[in-house]
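Using full-length UniProt numbering, read the sequence shown as starting at 1 and increasing by one per residue. Each residue gets a CB set at the ideal place from its N, CA and C atoms; glycine is no exception.
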Amino acid sequence: MGSPAYCKQEGPRFFENDVMEFLTRTVWWAVPTIWLPVVFYFVTMSMRMGHTLPQVAVMVMTGILVWTLIEYTLHRFLFHIETKSYWTNTVHYLLHGCHHKHPMDGLRLVFPPAATAILLFPFWNLVRLFTTATTCPAIFGGGLLGYVIYDCTHYYLHHGKPTKEPAKHLKRYHLNHHFRIQQWVSVSHLHCGTMYLGHCHHQQKPRRRAADGSSVSFAS
C-alpha cells in the first residue's frame with residue numbers, strides 16, 4: 001500500500017494534460033452540491049409513480065444498504081489487494097493507493113464527480129436487475145445518498161476537528177488506518193448514516209502521532 005507522506009498535504013500531479021489533472025481534484029462540497037439534487041430527483045420519481053412516503057423511505061434505506069455492501073466488498077477485496085505488475089500498480093495507485101500515500105491531500109479525499117457519473121450507469125443497471133420500474137429510482141437514489149454520506153464523512157474524519165464523542169473516536173480510529181505501521185490490514189467502512197466500522201487485523205502496538213497531532217494506537 002505504501003507508507004504515507006506525513007509532511008506533505010498535497011499529492012503529486014497525476015496527468016500532464018491539464019483537463020485530466022483537473023478532473024482528479026475535487027473539493028469536498030462538490031459531492032453534496034452535485035449529487036443531492038440527483039438523489040432528490042430519483043427519490044421523488046418513485047413517489048410520483050404512486051408510492052407513499054413510508055414506502056419510499058424503506059427503498060432509500062435499501063439503497064443505502066446496497067451501497068454499503070458494495071463499498072465494503074470493493075474496499076476489502078479490491079482496494080487493499082497486493083499488486084505486482086506495472087499496470088495493476090498504476091490502476092491501484094490511482095484508485096486508492098494515492099490516498100494512502102498522501103492521506104491528507106484534501107483535493108483527493110472524495111471521488112471525482114466525472115468518475116462517479118460514469119460508475120452510476122452500471123450501478124443503475126445493477127439496481128434495475130433486482131427491482132421494479134417504480135422502486136428502482138428510489139433505491140438508486142438511496143444508494144447515491146449512501147455514497148454522499150460516505151464521502152463527506154470520510155473527508156470529515158481527515159480534516160474535521162470533532163470535539164465530542166463518538167466523532168473523536170471515529171477520527172482516531174480512521175487515522176490509525178493511515179498513520180500506523182501495519183503488518184497487514186484489511187479495513188472496510190461499513191456505514192449507515194455516519195457510522196464507520198473498521199475491521200483491522202494483525203496490528204502492531206507502538207504509538208505514533210497521527211496527522212492531527214493526537215496520539216493514536218490500535219487495540220489488539
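- Around the beta carbon of L109, a 10 Å sphere encloses 16 or more other beta carbons of the protein chains shown; the residue is thus reported as buried.
- Here the segment 72-84 makes no contact with the segment 153-171; the two share fewer than three CB pairs at distances below 8 Å.
- For D151, the number of other beta carbons within 10 angstroms of its own is at least 16, and it is reported as buried.
- Contact between M45 and P137 holds, with the beta-carbon distance rounding to 4 Å and staying under 8 Å.
- Look at the beta carbons and you see the segment 123-130 not touching the segment 165-172: under three pairs across the two are nearer than 8 Å.
- DSSP places L157 in the helix class (H, G or I) of the three-state scheme.
- Between W29 and Y147, the C-beta gap is not smaller than 7 Å, which leaves the two residues out of contact.
- For N89, the three-state secondary structure derived from DSSP is helix.
- Just measuring C-alpha positions, the residue of H158, P12, R13 sitting nearest P103 is H158.
- Under the DSSP assignment, R76 falls in the alpha helix (DSSP H) whose first and last residues are 53-77.
- Using a 10 angstroms sphere on the CB of V39, the tally of other CB atoms reaches 16 or more, which defines it as buried.
- I139 counts as buried, since at least 16 other C-beta atoms from the protein chains shown sit within 10 angstroms of its C-beta.
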